[in-house]
Structure formats: C-alpha cells, structure tokens
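The numbering of the sequence shown is this note's numbering, which starts it at 16 and goes up by one.
We put the beta carbon where it would ideally sit given N, CA and C, even for glycine.
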Amino acid sequence: LHVAARRPERVLSLVTIGAHAGLDDSAREGRRLGDEALAERIESDGIEAFVDYWGALPLFTGLERRGPAYVAQVRAERLQNHVAGLACSLRGMGAGAMDPVWDELAHVGCPCTFVAGQLDHGYVASARRLAATVANGRFEIVPRAGHAVHQERPDAFARLLVSHLAAATAAGVSASSSTVD
C-alpha cells in the first residue's frame with residue numbers, strides 16, 4: 016500500500032487484505048508504544064510464548080474453522096520466525112511506525128481491490144475507505160472470515176484475486192505494458 020501511495024508508477028494493480036493507510040498522530044503514538052511493549056515481550060519470552068499469544072487473538076480465531084490440523088500447521092509455520100525479526104518488524108513496520116498515506120492515495124490510479132473479512136470490523140471500515148480514496152478502487156468483504164481471509168477462506172479469496180486480475184487485464188494492465196526505470 017505504501018509503495019502504491021508513494022511510487023504509483025511502479026504498481027500495475029493492487030490487492031490488499033486487512034489493510035490500513037495509517038493512524039492519526041495520537042493513535043499512532045499509542046500503537047507505537049504497544050508495538051514496542053510487544054517487541055520487548057517477544058525478546059524476553061521467546062517465539063513460542065508469542066505464537067501462543069498471537070494465535071489466541073480474536074483476529075485469528077477464524078482459523079479454527081479449518082480444523083485442528085490446519086491450526087497446528089499455521090502454528091508450526093509461525094514458530095519458524097525469529098525473535099529479532101519479529102521485534103524489528105514491529106518496531107520498523109508496525110502501524111505505530113508507519114506514516115499515514117491517506118492523502119497520497121489520491122494519486123493511485125491502478126486497479127485496486129481492498130479485501131477484509133466480515134468479522135474483522137475495523138478493517139471492513141478501512142477497506143471501504145481505501146476503495147473510496149483511490150481512483151479505481153473496489154472493496155470486497157468475505158463472509159464468515161476474520162483477519163486472515165486468505166487462510167480462513169482460501170477459495171473465496173482466490174476467486175476475488177482472479178476477478179481482480181481479470182478486471183485489471185481488461186483495463187489494459189499487463190506486465191508487458193509496464194516500464195521500469
């Protein structure tokens with residue numbers, strides 16, 4: 016999203032899941048402090064404690080509908096992360112660290128689809144706002160899904176992605192028509 020906002024000439028089309036274009040200053044500072052506390056918690060308690068905490072968040076409980084084997088697979092994948100990488104990600108790329116790009120989105124002209132799970136209420140509102148902010152945007156709400164749409168409802172997400180790519184192609188967007196400097 017930030018690349019599309021800051022370098023729109025480099026983006027042919029855009030699909031996001033559970034995206035936000037940034038918090039206002041007071042909310043961002045609060046989030047930065049929360050992200051820092053979480054980074055410190057990861058550093059002190061380790062990956063396993065973090066994965067257990069993260070997996071229990073309401074944002075991700077929809078994964079349970081895929082069954083215990085899938086939840087175990089996701090947990091195993093998350094355990095492959097590294098303490099330093101997660102802590103640095105929160106400090107450098109968390110919502111508290113990112114400058115808002117709402118005003119810059121007006122320059123994004125490529126086809127954009129903003130996806131949110133129906134149960135991910137804050138990001139449903141954000142998807143609607145994002146779609147209304149860009150010149151060629153649409154929003155898609157996936158029923159019975161939370162924050163991890165691509166994992167909770169992979170078939171539904173795949174259909175949305177195919178639809179987006181077909182619309183982008185029909186609009187004349189293709190890799191062969193791009194120019195890279």
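Short check: CB of residue i to CB of residue j, under 7 Å?
i, j, result
"Leu-74", "Gly-161", "yes"
"Ala-183", "Ile-156", "no"
"Gln-133", "Leu-78", "no"
"Phe-172", "Ala-146", "no"
"Thr-15", "Leu-48", "Since the first and last residues shown for the chain are 16 and 196, residue 15 lies out of range."
"Leu-105", "Asp-39", "no"
Buried or exposed: residue i, going by 16 or more other Cβ atoms within 10 Å of its Cβ?
i, result
"Arg-174", "exposed"
"Ser-141", "buried"
"Ser-152", "Checking the sequence shown, residue 152 turns out to be Gly, not Ser. Flag for Gly-152 reads buried."
"Asp-135", "buried"
"Gly-33", "buried"
"Val-18", "exposed"
"Val-139", "buried"
Grab me the residues of residue i's own chain with a C-beta within less than 7 Å of its C-beta, minus the 5 sequence neighbours each way, in chain order.
i, result
"Ser-193", "Here the model assigns Ser-193 a pLDDT of 42, short of 50, so the residue's position is not dependable, and the following value carries that caveat. Closer than 7 Å at the Cβ level, and outside the excluded window around Ser-193, lie Leu-27."
"Asn-96", "Ile-62"
"Arg-90", "Val-66, Gly-70"
In the DSSP assignment, what are the bridge partners of residue i?
i, result
"Arg-153", "Thr-128"
"Thr-31", "Phe-129"
Excluding the five sequence neighbours on either side, which residues of its own chain have a C-beta within less than 8 Å of the C-beta of residue i, listed in chain order?
i, result
"Leu-101", "Ala-54, Ile-57, Ile-62, Phe-65"
"Gly-37", "Arg-43, Ala-110, Met-113, Asp-114, Pro-115, Val-116, Trp-117"
"Ala-20", "Ala-36, Val-116, Glu-119, Leu-120, His-122, Val-123"
I'd like the list of long-range same chain contacts for residue i, defined as Cβ closer than 6 Å, with 5 residues on each side in sequence excluded.
i, result
"Ala-186", "Pro-126"
"Pro-23", "His-122, Val-123"
"Phe-154", "Phe-129, Ala-142, Arg-143, Ala-146"
So the candidates are the options; which of them puts its Cα closest to the Cα of residue i?
i, options, result
"Arg-93", "Gly-70, Gly-109, Ala-99", "Gly-70"
"Leu-72", "Leu-176, Leu-180, Ala-163", "Ala-163"
"Pro-169", "Tyr-85, Asp-50, Arg-46", "Tyr-85"
"Ala-99", "Ser-59, Arg-159, Leu-176", "Ser-59"
"Met-108", "Ser-178, Val-177, Leu-176, Arg-46", "Arg-46"
"Ala-52", "Thr-76, Ala-91, Arg-25, Cys-103", "Cys-103"
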